[in-house]
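Going down the list, the sequences are from chains A and B. Each number in the working numbering corresponds to the 1-based position in the first sequence with 2 added. Each number in the working numbering corresponds to the 1-based position in the second sequence with 2 added. Ideal Cβ placement from N, Cα and C applies to all residues, glycine included. Since we're looking at a predicted model, the values are computed, not measured. Okay, structure first, notes after.
Protein chains: 2
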Amino acid sequence: MSSSGLLEDLVEALRCLPGVGPKSAQRMALHLLQRDRDAARRLGSTLVDAMDRVHHCEQCRIFTENTLCRWCSDPARVSSQLCIVESPADVLAIDRATDFRGKFFLLLGHLSPLDGIGPKDLGLDLLESRLETGGVDEITLATNPTVEGQATARYIGDIAARHGVTVMQIARGVPVGSELEFADGGTLAVAFSHRTRLS
Amino acid sequence: MSSSGLLEDLVEALRCLPGVGPKSAQRMALHLLQRDRDAARRLGSTLVDAMDRVHHCEQCRIFTENTLCRWCSDPARVSSQLCIVESPADVLAIDRATDFRGKFFLLLGHLSPLDGIGPKDLGLDLLESRLETGGVDEITLATNPTVEGQATARYIGDIAARHGVTVMQIARGVPVGSELEFADGGTLAVAFSHRTRLS
């Protein structure tokens with residue numbers, strides 16, 4: 003190792019962050035060394051701590067350092083309603099933006115037979131045993147409005163229907179605040195065919 | 003702390019990185035937890051290690067974990083030539099792009115009386131005592147071609163001249179590979195007045 007090895011190690015290590023190339027890694031390393039050593043130390047120990055202690059919630063697969071995540075362990079949330087999402091970021095986004103007060107179930111991906119991602123990899127056995135136990139009346143599918151997300155939603159919808167659970171899906175249509183001129187044809191077609199009566 | 007506190011702590015801690023806002027911090031945290039825990043642990047321990055052990059080279063103020071940086075301790079580099087730069091990134095850039103084989107001196111900023119940054123804050127006392135000791139024949143000023151960088155260069159040039167050291171400055175002009183149409187007036191003026199004979 004050269005005599006400035008540790009700085010180079012740090013630049014290299016920073017590149018594990020998504021979207022960080024050699025130039026930004028270097029900028030980050032120098033910034034931390036020059037201006038913010040305490041914050042960098044805190045980040046370092048939090049990283050190690052989080053990687054060792056954060057795992058999936060036993061019930062819904064959301065990241066938590068406890069047995070149950072804060073949504074599953076929150077007595078104020080209704081257990082009979084379940085919202086199915088692909089990624090942890092979706093949980094946070096839905097929690098922030100909507101008034102949904104049920105529980106979540108996290109797929110951590112979508113069905114993709116070509117990549118070898120089947121129902122088990124998405125925890126659908128866990129979901130099915132939860133529906134079997136009873137207590138869930140309604141699930142809302144909030145997978146991504148992509149071909150894969152839609153296929154995954156359909157697959158889960160079939161499971162839920164077999165257990166007599168009401169299956170809902172979040173609405174697809176033109177995004178609020180957007181201009182129709184820039185909407186793609188698929189979105190416009192869905193928005194038009196799913197039009198609702200103006201009350 | 004809520005039951006998903008550690009993930010939130012990690013997102014918050016990641017925001018100490020320059021250019022990382024709440025959304026990218028969240029994306030980074032989830033990416034590391036889902037895909038790259040080992041790299042994240044390595045980044046964590048490297049961060050703590052680097053913040054504790056990396057300091058300034060005693061001779062030139064470049065970051066190193068040793069007493070002297072790898073440039074100052076390299077016997078193959080000429081001690082009689084000194085290149086003065088503002089930031090550590092400049093050292094790396096010049097080392098990569100040029101055939102300069104002398105030593106460096108790092109200012110870590112530029113003179114800025116309004117911000118209370120004087121000659122001492124740039125280590126100019128260290129530089130002057132080095133020029134006094136002798137052994138340096140030529141310095142090359144590679145401060146930024148800004149008003150502040152230029153003022154700093156002039157100040158250092160005066161010091162060096164007092165010690166009978168040859169003072170050079172890297173050329174200013176139109177960037178290689180650029181189009182004149184997009185060059186600013188100041189650059190064009192400098193490029194024109196510093197024109198050289200085509201050999």
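- prompt: In chain A, what lies closer than 8 angstroms to Glu-88 (chain B) by C-beta?
  reply: Residues of chain A whose Cβ lies closer than 8 angstroms to the Cβ of Glu-88 (chain B) do not exist, since the nearest Cβ in that chain is about 12 angstroms away.
- prompt: If you pair each beta-carbon of the segment 85-104 of chain A with each one of the segment 27-35 of chain A, do three or more pairs fall below 8 angstroms?
  reply: These segments do not touch.
- request: Below 7 angstroms CB to CB, which residues in the same chain sit around Ala-144 (chain B) once its five sequence neighbours on both sides are set aside?
  value: Around Ala-144 (chain B): Cys-85, Ile-86, Val-87, Asp-92, Ile-96, Ile-172.
message: By alpha-carbon positions, which one of B:Lys-25, B:Leu-108, B:Val-169, B:Pro-90 ends up nearest to Gln-61 (chain B)?
response: Looking at the Cα atoms, B:Leu-108 is the closest of the given residues.
- prompt: Who are the Cβ neighbours of His-196 (chain B) in its own chain at under 8 angstroms, not counting the five residues just before and after it?
  reply: Leaving aside the five residues that flank His-196 (chain B) on each side, the residues in its chain whose CB is nearer than 8 angstroms to its CB run, in chain order, Ala-173, Arg-174, Gly-175.
- request: Would you mind working out which of A:Ser-89, A:Leu-16, A:Ala-31 sits nearest His-58 (chain A), comparing C-alpha positions?
  value: Nearest of A:Ser-89, A:Leu-16, A:Ala-31 to His-58 (chain A), Cα basis: A:Ser-89.
- request: Could you name each continuous alpha helix (DSSP H) segment of 4 residues or more that falls completely within the segment 95-156 of chain A, going from the start of the chain to the end?
  value: Listed in chain order, they are 126-135.
- request: Would you decide whether Glu-163 (chain A) is buried or exposed? Buried here means 16 or more other CB atoms lie within 10 Å of its CB.
  value: In the sequence as displayed, the identity of residue 163 (chain A) is Ala instead of Glu. Counting Cβ neighbours within 10 Å, Ala-163 (chain A) comes out exposed, since fewer than 16 surround it.
- prompt: So which residues on chain A does Gly-46 (chain B) lean against when the C-beta distance must stay under 9 angstroms?
  reply: Ordered by position in chain A, the residues that pass the 9 angstroms Cβ test against Gly-46 (chain B) are Ala-15, Leu-45, Gly-46, Ser-47, Thr-48, Leu-49, Val-50, Asp-51, Ala-52, Met-53.
- request: Determine the chain A residues that contact Ala-42 (chain B) at a beta-carbon separation under 7 angstroms, and present them in chain order.
  value: What Ala-42 (chain B) touches in chain A: Cys-18, Leu-49, Met-53.
message: Going by C-alpha to C-alpha distance, which of A:Ala-41, A:Arg-39, A:Leu-12 sits closest to Ala-27 (chain A)?
response: For Ala-27 (chain A), the closest alpha carbon among the candidates A:Ala-41, A:Arg-39, A:Leu-12 is that of A:Leu-12.
message: Please give me, in chain order, every unbroken run of the alpha helix (DSSP H) with length at least 4 that falls completely inside the segment 56-102 of chain B.
response: Contiguous alpha helix (DSSP H) elements confined to the segment 56-102 of chain B occur at 90-99, taking only those with 4 or more residues.
query: Is there at least one Cβ from chain B nearer than 8 angstroms to Val-80 (chain A)'s Cβ?
result: Chain B, which has no Cβ nearer than 8 angstroms to the Cβ of Val-80 (chain A), makes this no.
- prompt: Nearest to Thr-48 (chain A) by alpha carbon, out of B:Arg-132, B:Leu-9, B:Pro-77, B:Ser-114?
  reply: The residue among B:Arg-132, B:Leu-9, B:Pro-77, B:Ser-114 with its C-alpha nearest the C-alpha of Thr-48 (chain A) is B:Leu-9.
query: Leaving out five residues before and five after Ala-153 (chain B) in sequence, what residues of the same chain have Cβ atoms less than 8 angstroms from its Cβ?
result: Around Ala-153 (chain B), the same chain offers His-112, Leu-113 as residues with beta carbons nearer than 8 angstroms, after the five sequence neighbours per side are excluded.
query: Mind checking if His-112 (chain A) is an interface residue toward chain B, Cβ cutoff 8 angstroms exclusive?
result: So no, His-112 (chain A) is outside the interface.
- prompt: Under three-state DSSP, which class holds Val-22 (chain B)?
  reply: Assignment of Val-22 (chain B) by DSSP, reduced to helix, strand and coil, places it in the coil class.
query: What span of residues does the beta strand (DSSP E) with Val-169 (chain A) cover, start to end?
result: For Val-169 (chain A), the enclosing beta strand (DSSP E) begins and ends at 168-171.
query: By the criterion of Cβ-Cβ separation under 8 angstroms, what are the contact partners of Arg-39 (chain B) in chain A?
result: Residues of chain A passing the Cβ test: Met-53.
- request: Alpha carbon to alpha carbon, how far is His-165 (chain A) from Thr-148 (chain A)? Give it in angstroms, no decimals.
  value: Cα to Cα, Thr-148 (chain A) sits roughly 26 angstroms from His-165 (chain A).
- request: Over the uninterrupted alpha helix (DSSP H) stretch that includes Glu-10 (chain A), give me the two end residues.
  value: Residues 7-16.
message: In this structure, how does DSSP classify Glu-183 (chain B) when only helix, strand and coil are distinguished?
response: The DSSP-derived three-state label of Glu-183 (chain B) is helix.
field: Selection of the segment 114-125 of chain B by Cβ proximity to chain A, strictly under 7 angstroms
entry: Taking 7 angstroms as the Cβ-Cβ cut-off, the segment 114-125 of chain B has no residue approaching chain A.
Nearest to Val-50 (chain B) (by Cα), restricted to the options A:Ser-81, A:Leu-16, A:Trp-73: Put simply, of A:Ser-81, A:Leu-16, A:Trp-73 the residue whose alpha carbon is nearest the alpha carbon of Val-50 (chain B) is A:Leu-16.
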